[in-house]
Amino acid sequence: MKTAISLPTKGAMGKTGTWRVFRPTIDLEKCIKCWRCWIFCPDAAIARNEYPVIDYDYCKGCGICANECPVNAIEMGREEK
Amino acid sequence: MIVIDTANHIAALAAKMARPKVAAAYPITPQTTIVERLAQYVEQADVDMEYIRVESEHSAMTACIGAAATGVRTFTATASHGLLLMHEMLHWAGLARLPIVMVNVNRAIGPGWNIWSDLNDAMSQRDTGWIQFYASSNQEVFDGVIQAYKIAEHHDVLLPAMVSYDGFILSHTSMPVDVPDQKEIDAFLPEFKPGWRIDVENPITHGNIVPPEPYMEIRYSMQRAMEKAKRVIEEVGKEYGERFGRYYGLVEEYRCDDADYVIVTMAALAAEAHFAVDRLRERGEKVGLVNLRTFRPFPYEKLNYDHMIVIDRDISPGLGGVLAHEMKALPGEVYGFVAGLGGVDVTYKDIERIYALAREGKQGWYPTEVK
Amino acid sequence: MAIKDLPMEEYLLEGHAACPGCPITIALRTALKALGKKTVLVIPACCSAVIEALYPKTAFNVPVLNIAFEAAAAGASGVAAALKMLHETDVVPVVWAGDGGTYDIGLQALSGALERRTDFIYVCYNNQMYSNTGIQRSGATPYGAWTTTTWGGKKEHQKDLSEIVMAHHIPYAATATIAYPQDLFNKMKKAREMKGPRFVEIFAPCPPGWRFDMSKTVELAKLAVETGVWVLYEAVNEHIEFNGTSKSIIEGKKERRPVEEWLTLQGRFRHLTPDDITEIKRELDARWEHYRQLYHSQQKGE
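Residue numbers (our numbering), protein chains in the order written: chain A, 18 to 98; chain B, 41 to 411; chain C, 799 to 1100.
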């Protein structure tokens, strides 16, 4: 029997990091670990490790993290490719 | 036990005895006494079922889909415009492979408002992937609903199924029905085992975007299930006969063995045609009847007759009677008649007249074109 | 509660199909943290149905029943009934629908499900248009907004769905937005712990639909509340409490920021005339007068 059943898969649309035009980088020295970047990331691409870690395989480069960081610890630079 | 009641009440009784866990339905003439009886069962007779008094037929079918997807047996009933309103969700249930069982009380479509019987409502659903049965007596309604669950839920099938019967002619007419014991029904109809279900322990997504190639595979799977359903319908019909004494199957063949001509029709017209065949036979005519109990899957294999007089109580404007045209590809000769639309009465005398017209080589709308 | 106190568990997997900067996925991540594993999402046609990605894969790690556009609340009614019969009382059906499938085509099913006291949560994420089909107007589109079916700006104000929902006298109705994740989390959590029909509407600014830079999604959500364009409230058994900045505004502790700040950031309002802005302000003032009256009558009730 075939019907439209799909299974939960990480990377279901592939490596969405390839969509990026701009790339966020976090200056860990400025970071105060408020975790706003983590909660506001639409792609769940920021991990809560000791410090925030961006998963560049899936980050789409929207820039919300940079916009919302209260201490301007995140910079959006041009994606090099 | 013999119960004397209307087809609607018998349908509700059969539904109750099949033990669905969830029913959702919206009232519409001439189905109303079904939903009323369901409410009585739940409120006054301690029947263990959730009955959702939905706010439209579209929601009725959708609620059944939600419940069936969660893994339970379901039931709904409707008629005419209600069936039309849920058309989108009939397709949905078919593609989702959810074995929902529905009773449809045939009623003509408006405008103008017409509460009497013709089969256009159910005929319009023939592409939805639903197994379609037609009943010609209250006994067949009861037996049909019970068998529908077994057929639909069979793991070679897993398609929704509907049982249609004529509004007022059957729905509001009392007939004696032999009703088996609940224990016997339970033995015949085991607990529902879904083909797939919503389960928080094993999360799946049903129905997200499907690209073209896998979509075609899903459609192919439905077609294959319909083909297998033919075998399952015959098997279940045979088992039903062994258990309850009444044998069923894809069609009913009445006095066809040495027939030169057979009348092919469905539902109440088939009941009328029984009388017509007997009277014609008394006059020496070699005629039989094929009662198409099953319309989907279409039982082509059972229609290997040389001369078939087809009576359609439906019309596909621009094509003609649906039954006749589904049969045109068969090797035998088809004489197509359209009769009884909007509840125009068609008696055994009319059917005898139709037979005579066919013998003259005529066909067409009766009595509008030929009489 | 600080943001760091929000649960770590993610039910939305990386690599989904949403636009960069999408508010829906921000909302969904927080909402699912509050709803937990025993959640069945019922999703009609909307952006989320596409965000799930393509068969045979899905980005959602809770069960999802996709359903027809107009039918989400009816589908959830069926799921709720089945769960009850299966005695799976700790599993909750949650509709996750856009404003299209809620305000317009889905309104009948929603109303029926609420009136029948269905045991479920209905979440509407409101991006004020039919986003998934390409930015057409909906009953939630505000006056003056450009959409692909209102090229000169919509001529009518949006309808007030909160009033319609509350007219069903349900145990829980609330509004939220993505800019205040703790508030959203708390409301979803409260809804999760209750029974009966519960409704939450989440304001969701859409970058491609409203024509603003995708990095400003959360900023705009905050601005909506600060200008009063969106109000935050919670009604438990019909007792309304305003929250956060909306509460400060209602209590007179804060002024609403000028609505021009809201309008100038969005390309969909680029063509507004002074008369349009006057009309927008008139409606906003009238709405806040109404909220004020609501607030004062609730106060008196105590």
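The beta carbon of each residue, even a glycine, is placed where N, CA and C say it ideally should be.
Just so it is clear, the structure is predicted and the values come from calculations on it, not from any experiment.
Own chain, CB closer than 6 Å to residue i, minus 5 neighbours either side, in chain order
i: L135/B; result: none
i: W36/A; result: K77
i: P818/C; result: M1012
i: V62/B; result: E90, A107, V112 and T114
i: T42/A; result: E92
i: T856/C; result: E850
i: G899/C; result: P842, C844, F867 and A870
i: L332/B; result: V291 and M306
i: L1061/C; result: F1067
is_contact[residue i, chain B] using C-beta, thresh 7 Å
i: P41/A; result: no
i: G910/C; result: yes
i: T33/A; result: no
i: T20/A; result: yes
i: V893/C; result: no
i: M883/C; result: yes
i: E991/C; result: no
i: E1058/C; result: no
i: S846/C; result: no
Endpoints, alpha helix (DSSP H) assigned at residue i
i: Y388/B; result: Y388 to R399
i: D226/B; result: Q222 to F228
DSSP three-state assignment for residue i, whether helix, strand or coil
i: H1037/C; result: strand
i: Y901/C; result: helix
i: V410/B; result: coil
i: Y923/C; result: strand
i: Y68/A; result: coil
i: W132/B; result: helix
i: M348/B; result: strand
i: E90/B; result: strand
i: E46/A; result: coil
i: G289/B; result: coil
i: V181/B; result: helix
i: S936/C; result: coil
i: W405/B; result: strand
i: L329/B; result: strand
i: M306/B; result: coil
i: R336/B; result: strand
First through last residue of the beta strand (DSSP E) which encompasses residue i
i: G896/C; result: V890 to G896
i: N144/B; result: V141 to N146
i: S261/B; result: From DSSP, S261/B is part of no beta strand (DSSP E) but of the alpha helix (DSSP H) over P252 to F284.
i: E92/A; result: I91 to R95
i: S23/A; result: I22 to P25
i: L363/B; result: Per DSSP, L363/B belongs to no beta strand (DSSP E); it is in the alpha helix (DSSP H), V362 to M367.
i: N754/C; result: Residue 754/C lies beyond the stretch modelled for chain C, which goes from 799 to 1100, so this question has no answer here.
i: Y29/B; result: Look at the range of chain B in this structure, 41 to 411, and you will see that residue 29/B is not part of it.
Interface flag, residue i vs chain A, CB-CB below 7 Å
i: I244/B; result: yes
i: E257/B; result: yes
i: E812/C; result: yes
i: V840/C; result: no
i: S261/B; result: yes
i: A136/B; result: yes
i: K802/C; result: yes
7 Å CB neighbourhood of residue i in its chain, flanking five on each side removed
i: Y901/C; result: S936, G937, A938, K957 and L959
i: N1041/C; result: D981, L1030, Y1031 and E1032
i: M129/B; result: H98, M101, T102 and I105
i: R137/B; result: L198, L199 and G235
i: A64/A; result: V70 and D72
Any chain C beta carbon closer than 7 Å to residue i
i: K27/A; result: yes
i: C86/A; result: no
i: A64/A; result: no
i: P59/A; result: yes
i: P254/B; result: yes
i: A79/B; result: no
Close Cβ partners of residue i (< 8 Å) along its chain, the five nearest in sequence each way excluded
i: R44/A; result: Before going on, a small fix: residue 44/A reads as Asp here, not Arg. Closer than 8 Å at Cβ, skipping near neighbours: A90, I91 and E92.
Spell out a yes or no on whether the region 171-191 of chain B and the region 47-61 of chain B are touching, meaning 3 or more CB-CB pairs, one atom from each, closer than 8 Å.
-> In the pairwise beta carbon analysis, the region 171-191 of chain B is classified as touching the region 47-61 of chain B: at least three pairs are separated by under 8 Å.
Taking 8 Å as the threshold, find out whether the region 44-59 of chain A comes into contact with the region 274-292 of chain B through three or more Cβ pairs.
-> Touching, no, given that fewer than three Cβ pairs across the two stretches are closer than 8 Å.
Do three or more CB pairs link the region 938-955 of chain C to the region 1053-1071 of chain C at distances below 8 Å?
-> At 8 Å Cβ cutoff, the stretches touch.
At least 3 beta-carbon pairs within less than 8 Å: the region 813-828 of chain C vs the region 388-403 of chain B = Counting Cβ pairs under 8 Å, fewer than three are found: no touch.
Cβ contact (3+ pairs, closer than 8 Å) linking the region 120-128 of chain B and the region 76-83 of chain B = Using a C-beta cut-off of 8 Å, the region 120-128 of chain B makes no contact with the region 76-83 of chain B, since fewer than three inter-stretch Cβ pairs fall below that distance.
Are there three or more Cβ pairs, one per stretch, closer than 8 Å when the region 291-308 of chain B is compared with the region 171-182 of chain B?
-> Short answer: they touch.
Is there contact between the region 906-913 of chain C and the region 869-877 of chain C, where contact requires at least three CB pairs shorter than 8 Å?
-> Proximity of the region 906-913 of chain C to the region 869-877 of chain C meets the contact definition, three or more beta-carbon pairs being nearer than 8 Å.
Would you be able to state if there are at least three C-beta pairs under 8 Å between the region 241-250 of chain B and the region 199-210 of chain B?
-> The region 199-210 of chain B is not in contact with the region 241-250 of chain B.
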